[in-house]
Amino acid sequence: MDSVPLSNPQPSTLPHRLELRGITKRFPGCLANDAVDLVLKPGEIHALLGENGAGKSTLVKIIYGVLHADAGHILWQGEEVTIPNPAGARRLGIGMVFQHFSLFDTLTVAENISLGLERPGPMDALSQRIAEVSERYGLSLDPRRHVHNLSVGERQRVEIVRCLLQDPKLLIMDEPTSVLTPQEATRLFETLRVLAAEGCTILYISHKLEEIRALCDTATVLRGGRVVSSCDPRKETARSLAEMMIGTELSTPERLPQGVAGAPKLQVRHLSTTSDNPFATNLKDISFDVRAGEILGIAGVAGNGQAELMAALSGEELVPDPKAVSIEGRPVGHLGPRERRQLGLAFVPEERLGRGAVPELSLSENALLSGYAREPLVRSGLVHFGRARSYAERIIGAFNVVTHGHRAEARSLSGGNLQKFIIGREILQKPRLLVVGQPTWGVDAGAAAAIHRALMALAQDGAAVLVISQDLDELFVLSDRIAVLFHGHLSESRPTHQTSVEEIGLLMGGLFNHPPDEDEEVGRAV
């Protein structure tokens, strides 16, 4: 069903690309959008701000036709319309890049992109278009690769390229830089500015407030489903924007001076991996320690071996030499995730839905998934559901997770609230070693501060914490030491106070001493 025009205004009444009037959306026990008004102009880059659960995702899903409003009106270029579904939105000229990816793992990049296009054309021609667009916008992609082999950052690129191929008049971006390096984000901003200069409207959702200030012309702030403020973000500070979002003074975490680090909790010695997957990044002679009471940060561009390192540390992938990974001096390279958890390891994967939590299961069931190993949730092989519920409620309370209760499905939570739940589930087990990937990906300023405080407190209590992140600002806030992963090689770690973002950025580009890969030698020869 196409979008249905409800009125026929004269051209002189078409100053706005999109106008929302009184948009209201209710869910059981929740008023997600409460009479929201919003005006988007041609060529404008407009930020939509708010805490996790403020109603941003619901509102943009209504614009994109995924959800339908209970009340209110949508005007597209001055003409009132209904948007029955995403296909109708795309026909109007509305494109959207979602925070959570809508990709099929078993299909190639080109096949996934073709599913989102009205007329994809021959696959060879589409693959050529994908290569051209990805090259033009600095979003490197191989159309032939299968999605299950892609890193989180590379999957984000697929979503962005698929949207750009549709030549949208309104482009909705939901946390587009959450898995991009600063250099990639800068290139994306250049692309968005070019699109805006050509008349495309950008509706931009991000919790990175400094990039909002650098990129956006206007900002609308939601709190509790209502519009509470509109401003020019270029005239605000990141702190003032955050305080508009949360409605109170922002409490930012402060890193306490590190004492003397204790004994190593995690030791990695000459860790190398070899995968049958031709697109995997093999790890090459990686060695490092994480000691009690410290936080080690590992930076790097997506696809440089982060997924392989986390799999080797968590036990999802066993390594040939058991001594390559040790927990408190005990070789564990041959042990699986359950045995490593019993030795004190807790683990937060970078992908929330599907790996960190099962979307269709309730929060109490998701709490049980990893909590059973260290919490008294299972006895004599039987699940104690009352304790599982209590454990989930403890997580919800301790980490201020906005939800309808322990019975809520994981997929019903906003990204930031689900992240708080997953991290809380691991931290409340009081692990001696925590490995966490992208801890605040897509999380608002208040939730990010809460997560950072929790990680710092865990280290202060004597645990060893390893944070793998692409967010350099985050790593400089959290870490005592920082190392960089590049093409499967790990740099020497540096004390945070003795380095800079610029120096770490150079290391992320591979400017540190390591034996050259075969493909690097070939590149030099060419």
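So for the sequence shown, the numbering used here puts the first residue at 1062; every next one is plus one.
Note that beta-carbon positions come from the ideal geometry of N, C-alpha and C, so glycine has one too.
Handout entry: Cβ contact check for the segment 1334 to 1344 and the segment 1521 to 1541: 3 or more pairs under 8 Å
Key = With the cut-off at 8 Å, the segment 1334 to 1344 and the segment 1521 to 1541 do not touch.
Problem - Nearest residue (CA-CA) to ILE1144, options LEU1164, ARG1472, LEU1120 and VAL1158 - result: Considering only LEU1164, ARG1472, LEU1120 and VAL1158, the residue with the shortest C-alpha distance to ILE1144 is LEU1120.
Problem - Sequence ranges, beta strand (DSSP E) only - wholly within the segment 1134 to 1182, length at least 3 - result: Counting only runs of 3+ residues, the beta strand (DSSP E) found wholly inside the segment 1134 to 1182 occupies 1140 to 1143 and 1155 to 1158, in chain order.
Exercise for the section: Decide if GLU1296 is buried, meaning its Cβ has at least 16 other Cβ atoms within 10 Å, or exposed. Expected result: Looking at the sequence itself, residue 1296 is Lys, so the reference to Glu does not match. Residue environment: LYS1296 is assigned as exposed (fewer than 16 neighbouring CB atoms within 10 Å of its CB, all protein chains considered).
Exercise for the section: Report yes or no: do three or more beta-carbon pairs, one from the segment 1364 to 1376 and one from the segment 1413 to 1425, lie closer than 8 Å? Expected result: no
Problem - Start-to-end residues for the alpha helix (DSSP H) that takes in GLN1480 - result: Under the DSSP assignment, GLN1480 falls in the alpha helix (DSSP H) whose first and last residues are 1476 to 1488.
Handout entry: Reduced DSSP secondary structure (H/G/I, E/B, other) of SER1473
Key = The three-state secondary structure of SER1473, taken from DSSP, is helix.
Problem - DSSP state of PRO1392 mapped onto helix, strand, coil - result: strand
Practice task
Grab the span of the alpha helix (DSSP H) containing ALA1373 for me, first residue to last.
Solution key: 1367 to 1375
Practice task
Would you grab the beta carbon distance between LEU1110 and ALA1280 for me? Rounded to a whole angstrom, and I think it's under 8 Å.
Solution key: Separation of the CB atoms of LEU1110 and ALA1280 is rounded to 6 Å, and the pair is thereby assigned contact status at 8 Å.
Handout entry: Local Cβ density within 10 Å of ASN1461, reported as buried at 16 or more and exposed below that
Key = exposed
Practice task
Report the three-state DSSP secondary structure of CYS1091 (helix, strand or coil).
Solution key: In the three-state reduction of the DSSP assignment, CYS1091 falls in the strand class, which pools E and B.
Practice task
Using beta-carbon positions only, say whether ILE1359 and ALA1544 come within less than 7 Å of one another.
Solution key: Note that the C-beta distance between ILE1359 and ALA1544 is below 7 Å.
Practice task
Give the C-beta separation of GLU1215 and PHE1162 to the nearest angstrom, bearing in mind that I take them to be a contact with Cβ-Cβ under 8 Å.
Solution key: That pair is no contact at about 10 Å.
Practice task
Confirm, please, whether the CB-CB distance from LEU1164 to VAL1208 is below 7 Å.
Solution key: yes
Exercise for the section: Can you tell me the Cβ-Cβ gap for VAL1329 and VAL1289, rounded? I've got them flagged as a contact below 8 Å. Expected result: In fact, because the Cβ distance is near 47 Å, the residues do not count as touching under 8 Å.
Practice task
Enumerate in chain order the residues of its own chain whose CB-to-CB distance from MET1569 is below 7 Å, with the five nearest sequence positions on each side excluded.
Solution key: These residues qualify, in order along the chain: THR1242, ALA1360, GLY1361, VAL1362, VAL1545 and PHE1547.
Practice task
Within its chain, find whatever has a CB closer than 6 Å to the CB of VAL1587; leave out the 5 residues flanking it on each side and keep chain order.
Solution key: Since pLDDT at VAL1587 reaches only 31, below the 50 mark, its modelled position is unreliable, and no value is offered.
Handout entry: Assigned secondary structure, GLU1582 (DSSP; H/G/I helix, E/B strand, else coil)
Key = A caution first: GLU1582 carries a pLDDT of 42, below 50, which makes its placement in the model too unreliable to give a value.
Practice task
Within 10 angstroms of the Cβ of ASN1094, are there 16 or more other Cβ atoms? Answer buried if so, exposed if not.
Solution key: buried
Problem - Enclosing alpha helix (DSSP H) for THR1119 [first to last residue] - result: 1117 to 1124
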